[in-house]
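Q: Before anything else, here's the structure in question.
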Amino acid sequence: MSFVEYSEFIQEGDVAIIFLGHDSMMPIKVQQGAQTQTRYGVIRHSKDLIGQRFGTKVTCSKGGWVYVLHPTPELWTLNLPHRTQILYTTDIANITMMLELKPGSVVCESGTGSGSLSHAILRTIAPTGHLHTVEFHQQRAEKAAEEFREHRVGHLVTVRNQDVCKEGFGVTGVADAVFLDIPSPWEAIQHAKSAMKKQGGRVCSFSPCIEQVQKTCEALAGQGFEEISTVEVLLRVHEVRSITLPLPDFGPDKPLETPTDTRIPSNASVLCKTTTPPREMAGHTGYLTFATKPRIHCLFYLQFVYFGLIMWI
Amino acid sequence: MFEFDHPTVLFYNSLSRRLDATTWNEPIRVDYGERLIHLLSTICPERILNAKETQASTWVYVVGDISYFSILLFLLGILNECYSGSYKSSLLFSWLSSQKIRRETVLMADNEDDDSQQRVNEGDYVVLKRGDIYKAVQIQKKKKTVFEKQWFFLDNAVGELYGTTFEVVSGGTLQPRKPKHVEHAADAKEAGTDNRHILDDGKSQKLTRDDIETLKEQGLKGQEIVQQLIENSTTFRDKTEFAQEKYIKKKKKKYENSVMVLRPSCRILAMMYHGREPGKICHLRYDTLAQMLTLGNIHAGSKVLVFETCAGLVLGAVMERMGGYGSVVQMYPGGGPVRAGVESFGFPPHFNETLHEFPIQHVNALLAGTLDTDAKDIDAGRSPTSEGQEKKVRMEEKRKKLAAAAVLLQGRNADGLVIASRFHPCPVLLGLIKFLAPSRPFVVYSQYKEPLIECYTKLREQGGAVSLRLTDSWIRHYQVLPNRTHPVLLMSGGGGYLLSGTTVTTDTPKVNTEPTSVEEPAAKRVKLEEETE
Ligand SMILES: C[S@@+](CC[C@H](N)C(=O)[O-])C[C@H]1O[C@@H](n2cnc3c(N)ncnc32)[C@H](O)[C@@H]1O
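These protein sequences, in sequence, are chains E and X.
One point on numbering: in our numbering, the residue at position 105 of the first sequence is 115, and numbering is uninterrupted.
One point on numbering: in our numbering, the residue at position 438 of the second sequence is 791, and numbering is uninterrupted.
Next up, the structure:
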């Protein structure tokens, strides 16, 4: 098991997702001799998991059964231990496409937070890309680095424990894309720019508040970014339901014998398959601001001329 | 780009003054006079925060690091000396004036990284962009390209860097453009405070349509025309700053002849198809495609099945995410796979080695184990004409392809399934899900919700899948401007529906030992595998 490569069978040390039922899951670390308590009873790792195929049904001690699933970044996002607010799959999907991530991309990210987005980025840029992720909270940075190793993606990522607004990403001129999820992204735009390749690239900032967006857009424009565009994306879930709709009974054509007729009204009804919206849904996560860094001309050009002149003098 | 053709730009009052800022990021206050403003607005307009003229001097507030500006000013100092006469006869001056410092020079300075990769070549698939309009084309010499009711030749794009903006000049030739922003040219214009004096009588613009045509014929470029329009608009000065900006934007859009040449990407092509030809891609919106790729966990090294009738956009998107690692099997209906859209991605040739195809009319036979992909000698009796030979070779190739794809499918261990078609999604999904390994994601797109409801119901009855979700994605774009931030007035009403889920094994652990009837005959599989070795 790895977060960037499927395997068929469950092995010692793997992360697996126990699927207990509709929207109910839990992540486990598979260990020889270990046991996991679920509401359907105990799962014994050595006997029930190790050597089994991912996706199989496992019968727990109380007779109930669960499925054991191969981890994916999407399942991880739903199951990870929250150390911060995290990004969810709907936003992540758009971030990934709009940042044009693909195998081989070099990406800078800050903050790492709980690593929800990081895992999705790593999945997409493997096996030849690299993620430089910056988190100024020491424990979070350490925990994330540990998780990356456990999930066998450690070789694809560098975690830096520093303040991105002050010290930047720790790299210059290497990134194809930069992503920011910090309270004051506008303070990091300059660093984002210098982390990016000189032939340009894409940047995205996620902010819950419109005031943050406003400042970020100003900073982006100020730094010469182009195609600045802000969007908001939501996922609407349609819950499939079979519903029964009673049909009204308008009575027979001929008049009723007496006004007090006790005729039993027909209780005909129709069954339909339809969907209903959930009673509540996420109505706002944050605004996604994207921009393109154009290829640099001026700076390099001037430096060139500058050195040319120095040689002449 | 900053050229030395206009030396006036380079003069300014004082040489002795130094920059009086010390740290990065701090706005730098410079008082070098209006020539400097002009110069800065030519070279780096994005750095100017504000420019103010007082009686005594002109103030420019710029952002940027010290080294950038000191280089700039150092350079200016020398040039100023040169042009002002004292060095007129010096070597330095002749060097400077002989250096038509243009793009070529920049490119020389620029090519520490491998820039050859960044240049447009003949035969490349590129995307043209103007505003938010895109068009995918192939670079062919002497070929007329029509974009936005305008025609031109892409010959001059060859050898230029991706991301370059060109002006279309007379005769349909492209000319690389210097980055100069018309907004900044208009920055210093006076603005009215409100619009109470503006009469919309259609007479405020003194230039007529004919005038504009004349200007165009004179070879005036888009930006210059916009400038002319501004100068000839009687109401422009009375308009509020907001309205001025809008006016410039509107006119800019109408008269600018610029085209940007971009490298294709899934993002750009998905937006292009959605904007230009949504019918061709079953109205699949870009954000919905983004969900599909993520929910499907599409990544390098996996084996993914794709069934689509979206001109190849979905297939190309999947291939981009796989980066040439792993395998993609296109399950196609009808006579042959449709994938014009894949070409537009401009993938390197080795990507094709990962792409396989399998006609869906053989799916049942494959599942039943009766698909025969052995070499057949149908044409054996025929006369060995070259035509017949050719046909035979083609048939043989087709058979080999079929056999190769069959081997990939046979193991029923694919890692992902992506469906986006105009077909009823129910039979497509129920037929193809059988090829997936357990614990793998699948995602089905349909423009309509009801067929997916049916899909959902059938799949629930049949089992073999968990985490079933029927969703659609909602996207809203924003206008972000100082004090004028709000959602864009029009939005897309819908981007189609997705059914997603994860496969699981259908057998219960208790009956593990019982033979399952749906298993394909082992003998056939062995035969197929042998054949391709
Ligand atoms: C909302 S969380 C990011 C969540 C992350 N995107 C995810 O999906 O799990 C924001 C993180 O940024 C970190 N952070 C905030 N400001 C920072 C800065 N200036 N430099 C580095 N990290 C910062 C915080 O410590 C926090 O962990």
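Beta carbons are placed, not taken as given, at the ideal position from N, Cα and C, and that holds for glycine.
Alpha carbon to alpha carbon, how far is residue 73/E from residue 47/E?
A: Using only the alpha carbons, I get a separation of about 13 Å.
Q: Taking three-plus beta-carbon pairs below 8 Å as touching, is the segment 271 to 283 of chain E in contact with the segment 196 to 203 of chain E?
A: No, because fewer than three Cβ pairs between the segment 271 to 283 of chain E and the segment 196 to 203 of chain E fall closer than 8 Å, the two stretches do not touch.
Q: Ligand 1 and residue 222/E: does any heavy atom of the ligand fall closer than 6 Å to the residue's C-beta?
A: No - ligand 1 has no heavy atom lying nearer than 6 Å to the Cβ of residue 222/E.
Q: Would you grab the beta carbon distance between residue 768/X and residue 16/E for me? Rounded to a whole angstrom, and I think it's under 8 Å.
A: The pair is a contact, with the Cβ atoms about 5 Å apart (cut-off 8 Å).
Q: Let me make sure I understand the geometry here. Which of 265/E, 229/E and 246/E has the alpha-carbon closest to that of residue 834/X?
A: The shortest C-alpha separation from residue 834/X is found at 229/E.
Q: Report, in whole angstroms, the separation of the C-beta atoms of residue 674/X and residue 652/X, which I expect to be a contact under 8 Å.
A: The pair is a contact, with the Cβ atoms about 6 Å apart (cut-off 8 Å).
Q: Count the other CB atoms within 10 Å of the CB of residue 21/E; is the residue buried (16 or more) or exposed (fewer)?
A: Classification of residue 21/E: exposed, given that the 10 Å Cβ count is below 16.
Q: In the DSSP assignment, what are the bridge partners of residue 611/X?
A: The partner list for residue 611/X (beta bridge, DSSP) reads 520/X.
Q: Cα separation between residue 856/X and residue 790/X?
A: Their backbone Cα atoms lie some 7 Å apart in a straight line.
Q: Listing by chain order, which chain E residues have their CB less than 9 Å from the CB of residue 823/X?
A: Residues of chain E passing the Cβ test: 247, 248, 249, 250 and 285.
Q: Between which two residues does the beta strand (DSSP E) holding residue 49/E run?
A: Premise fails: residue 49/E is in no beta strand (DSSP E) and is neither H nor E.
Q: Using a beta-carbon distance cut-off of less than 9 Å, what residues from the segment 118 to 130 of chain E approach chain X?
A: The segment 118 to 130 of chain E vs chain X, Cβ under 9 Å: 130.
Q: Helix, strand or coil for residue 147/E, going by three-state DSSP, please let me know.
A: Residue state, collapsed to three classes: coil.
Q: For ligand 1, is there a heavy atom less than 6 Å away from the beta-carbon of residue 120/E?
A: Correct: residue 120/E has its Cβ closer than 6 Å to ligand 1.
Q: Ignore the nearest five residues each way along the sequence and tell me which others in residue 42/E's own chain have a CB closer than 8 Å to its CB.
A: Excluding residues within five positions, the ones whose Cβ falls inside 8 Å are 22, 55, 56 and 60.
Q: Hey, out of 58/E, 75/E, 193/E and 44/E, whose CA is closest to residue 123/E's CA?
A: Measuring from the Cα of residue 123/E, the nearest candidate turns out to be 193/E.
Q: Identify which residue in 519/X, 638/X, 627/X and 622/X has its Cα closest to the Cα of residue 827/X.
A: Ranking the options by Cα distance to residue 827/X, first place goes to 638/X.
Q: What separation, rounded to the nearest whole angstrom, lies between the Cα atoms of residue 631/X and residue 666/X?
A: So the alpha carbons of these two residues sit roughly 11 Å apart.
Q: Quick one: residues in its chain with C-beta nearer than 7 Å to the C-beta of residue 303/E, no 5 flanking neighbours on either side, listed in chain order?
A: So the list reads 203, 206, 210, 211, 213 and 235, once near-sequence residues are dropped.
Q: Does residue 277/E have its Cβ less than 7 Å from a Cβ in chain C?
A: Absent here is chain C; the protein component of the structure consists of chains E and X.
Q: Given the structure, does residue 285/E come close to ligand 1, in the sense that its CB is under 6 Å from one of the ligand's heavy atoms?
A: For ligand 1, not one heavy atom lies less than 6 Å from the Cβ of residue 285/E.
Q: Measure from the alpha carbon of residue 280/E to the alpha carbon of each residue in 254/E, 260/E, 166/E and 105/E, then state which is nearest.
A: For the residues 254/E, 260/E, 166/E and 105/E, the minimum Cα distance to residue 280/E belongs to 254/E.
Q: Under 7 Å, Cβ to Cβ, is there at least one residue of chain X near residue 157/E?
A: Answer no: the Cβ-Cβ gap between residue 157/E and chain X never drops below 7 Å.
Q: Give a yes or no on whether 7 Å exceeds the smallest Cβ distance from residue 244/E to chain X.
A: Residue 244/E counts as touching chain X.
Q: Given a limit of 7 Å on CB to CB distance, which residues of the segment 835 to 858 of chain X reach chain E?
A: Within the segment 835 to 858 of chain X, the residues whose Cβ lies closer than 7 Å to some Cβ of chain E are 838, 855, 856, 857 and 858, listed in chain order.
Q: Kindly examine ligand 1 and report whether one of its heavy atoms sits closer than 6 Å to the Cβ of residue 145/E.
A: Within the cutoff, so yes.
Q: Report the three-state DSSP secondary structure of residue 825/X (helix, strand or coil).
A: Looking at residue 825/X - three-state DSSP - the assignment turns out to be strand.
Q: Helix, strand or coil for residue 831/X per DSSP?
A: Strand, per DSSP.
Q: So which residues on chain E does residue 806/X lean against when the C-beta distance must stay under 9 Å?
A: Neighbours of residue 806/X on chain E, chain order: 248, 250, 283, 284 and 285.
Q: Using a beta-carbon distance cut-off of less than 8 Å, what residues from the segment 471 to 504 of chain X approach chain E?
A: If the cut-off is 8 Å between Cβ atoms, the segment 471 to 504 of chain X has 471 near chain E.
Q: Could you name the residues of the same chain whose beta carbon sits closer than 8 Å to that of residue 135/E, not counting the 5 residues immediately before and after it, in chain order?
A: Counting only Cβ-Cβ distances below 8 Å, and skipping sequence neighbours, we find 111, 112, 113, 114, 115, 116, 117, 141 and 166.
Q: I want to verify the contact list: residues of chain E whose CB lies under 9 Å from the CB of residue 830/X, in sequence order.
A: Residues of chain E passing the Cβ test: 239, 240, 241 and 242.
Q: Hey, residue 160/E and residue 151/E are a contact pair by Cβ (cut 8 Å); roughly how many whole angstroms apart?
A: Between residue 151/E and residue 160/E the Cβ distance is about 15 Å, and since that is not below 8 Å, they are no contact.
Q: With a cut-off of 8 Å on the beta carbons, I'd call residue 195/E and residue 296/E a contact; round off their distance for me.
A: Between residue 296/E and residue 195/E the Cβ distance is about 11 Å, and since that is not below 8 Å, they are no contact.
Q: Going by C-alpha distance, which of 849/X, 839/X, 625/X and 645/X is nearest residue 223/E?
A: Of the listed residues, the one whose Cα sits closest to residue 223/E is 839/X.
Q: Please classify residue 854/X: does DSSP put it in a helix, a strand, or coil?
A: DSSP places residue 854/X in strand when its eight states are reduced to three.
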